[in-house]
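Written below as structure tokens is the structure these notes are about.
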């Protein structure tokens, strides 16, 4: 099977996994929003920030190095595997030691037990981490799709049952833990070439991986703070309730886009690594990735912004109405971020892990003053508006400092790859808003369903009329049988 066919097959299975998992996550959040309070979601948001940081450290950045290197031996894999295990133990201990300081930072003593349970995840996740990377490297996305779905399903069942039983915010953290356990077990049972780690470890095996990995770890850490810095500030400055409203808005907007984006980029990184010597082919591939991402992500984000005033009270309840304005602003931020997300795959595919590190650190330093000032002056809404303004500036710098040096001057192609999807999505969003204005007297649930159908119809029709070849290409890539 050719590289293109493998990538197409990977895209198909990743899409299936993403759509199903996004639907499951949406259903889970809708149910939990009626069983738990905004404060519960805010507390969980605080815990997940800590967990996400720990997961970056436990990986040591070697996952991307394994994908990039095409000559990794079984002995090196074993050494890297045990390095991940030790890193997970260290991450667990670090979080337990930092627990009092985290509680003091957020002024939330209720975090004590939650963080203790969350730290257990780092004793479990490393055992399956390298199996996942090997599946990704071999483009075995059909197996990864099944494992992802199984993990999401486990999380949903456990968290909903515990929330219904009155366990409050603890239902969310136990759901995450159950997800980790099930995923690791499934990854160990399904791995390419039946690889198993041996009792072998040598520091010489790590040569060439840790250098790449440390840059990746630094890049991911800084990039993580770039995404969650606003939540860190909101939790500390405004408390769990304000963070809860933001967390719901963030999940509703970012979960679909953060799930859709890796459909393309997770396949793109291994492919870029294999064609890293052919710059013309890489440029063409990068623009195609942008075109595909914008054609799917733009209507999703702008559609959510238009639907939010009706969707939030219908699906989550009236008490979540403060999240509406946050959803609408975050939708435009997600649009900008999704258009810049392939940059990471481009840098890694060219072996420029150090670029990613410096870029992410620069973004983090650039954003801190603006987000702090926005939160201080305007609360959650002010911080989110500041985030949008900063993201506009970052998108401009991304082209000038990263894309142009790697691909050459390509501003016309860069903007042209995204412009068609942008204007089609704006027309669709306007249509959704006009439907709400024209049918105010019908039941809200019926209005929401009508808006969704109209949005899909408008975008689908415009896409068919203006660029049916791309529409058919997306369908072919997703459903093509190989």
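Residue numbers (UniProt numbering): 1 to 482.
Yeah, the Cβ is synthetic: ideal placement off N, Cα and C, and Gly gets one too.
These figures come from a predicted structure and were not determined experimentally.
Which residue from the options puts its Cα closest to that of residue i?
i, options, result
"residue 55", "32, 24 and 126", "126"
"residue 40", "147, 158 and 172", "172"
"residue 309", "152, 293, 135 and 329", "329"
"residue 113", "149, 457 and 174", "174"
"residue 472", "292, 35 and 304", "292"
"residue 354", "402, 445, 371 and 314", "402"
"residue 80", "136, 196, 34 and 144", "196"
"residue 433", "284, 341, 304 and 385", "304"
"residue 405", "455, 52, 448 and 352", "352"
"residue 344", "398, 384 and 332", "398"
"residue 178", "148, 76 and 166", "148"
"residue 142", "448, 468, 452 and 15", "15"
"residue 281", "92, 408 and 450", "408"
"residue 341", "240, 395, 300 and 207", "395"
"residue 333", "184, 227 and 239", "227"
"residue 136", "184, 366 and 66", "66"
"residue 391", "331, 450 and 410", "331"
"residue 498", "254, 203, 385 and 410", "Nothing about residue 498 can be reported from this structure: the residues present for the chain run from 1 to 482 only."
"residue 53", "385, 92 and 366", "92"
"residue 284", "76, 410 and 468", "410"
"residue 74", "198, 468 and 207", "198"
"residue 254", "337, 184, 176 and 207", "337"
"residue 207", "176, 335, 76 and 140", "76"
"residue 335", "386, 184, 97 and 261", "261"
If I measure Cβ to Cβ from residue i and keep anything under 6 Å in the same chain, skipping five residues before and after, which residues do I get?
i, result
"residue 429", "302 and 306"
"residue 221", "56"
"residue 360", "219, 222 and 223"
"residue 287", "413 and 417"
"residue 295", "421"
"residue 425", "298, 299 and 302"
"residue 468", "none"
Thinking residue i and residue j are a contact (beta carbons under 8 Å), I'd like their distance in whole angstroms, please.
i, j, result
"residue 119", "residue 87", "In fact, because the Cβ distance is near 14 Å, the residues do not count as touching under 8 Å."
"residue 95", "residue 50", "6 Å"
"residue 180", "residue 85", "Between residue 85 and residue 180 the Cβ distance is about 14 Å, and since that is not below 8 Å, they are no contact."
"residue 339", "residue 290", "7 Å"
"residue 252", "residue 327", "6 Å"
"residue 242", "residue 380", "5 Å"
"residue 225", "residue 364", "5 Å"
"residue 82", "residue 201", "5 Å"
"residue 166", "residue 36", "Incorrect: roughly 10 Å between the Cβ atoms, too far for contact."
"residue 34", "residue 317", "6 Å"
"residue 244", "residue 38", "3 Å"
Excluding five sequence neighbours on each side, which residues of the same chain lie with their C-beta closer than 8 Å to the C-beta of residue i?
i, result
"residue 111", "43, 46, 47, 99, 102 and 103"
"residue 368", "229"
"residue 170", "113, 114, 117 and 162"
"residue 533", "Examination of residue 533 is not possible in this model, given that the chain is present from 1 through 482 alone."
"residue 314", "444, 445 and 448"
"residue 454", "431, 432 and 435"
"residue 466", "420 and 424"
"residue 312", "320, 321, 323, 324 and 327"
"residue 24", "149, 152, 153 and 156"
"residue 385", "329, 374 and 378"
"residue 185", "128"
Spatial neighbours of residue i within its chain, please: CB distance less than 7 Å, with the 5 preceding and 5 following residues excluded, ordered by chain position.
i, result
"residue 106", "46, 235 and 236"
"residue 19", "none"
"residue 182", "150, 151 and 154"
"residue 32", "159, 160 and 163"
"residue 109", "103"
"residue 383", "230, 233, 234, 371, 374 and 375"
"residue 450", "435 and 439"
"residue 72", "66"
- Item | the stretch 176–193 / the stretch 129–142 touching (three or more Cβ pairs under 8 Å) | yes
- Do the stretch 315–325 and the stretch 461–469 touch if we need at least three Cβ pairs shorter than 8 Å? no
- Evaluate contact between the stretch 435–447 and the stretch 400–414, counting only Cβ atoms and requiring at least three cross-stretch pairs below 8 Å. no
- Message: Closer than 8 Å is the cut-off here; do at least three beta carbon pairs connect the stretch 17–34 with the stretch 151–158?
- Response: The stretch 17–34 makes contact with the stretch 151–158; the number of CB pairs closer than 8 Å reaches 3 or more.
- Item | Meets three-Cβ-pair contact criterion under 8 Å: the stretch 230–238 and the stretch 375–391 | For the pair of segments examined, the stretch 230–238 was found to touch the stretch 375–391: the number of CB pairs separated by less than 8 Å reaches three.
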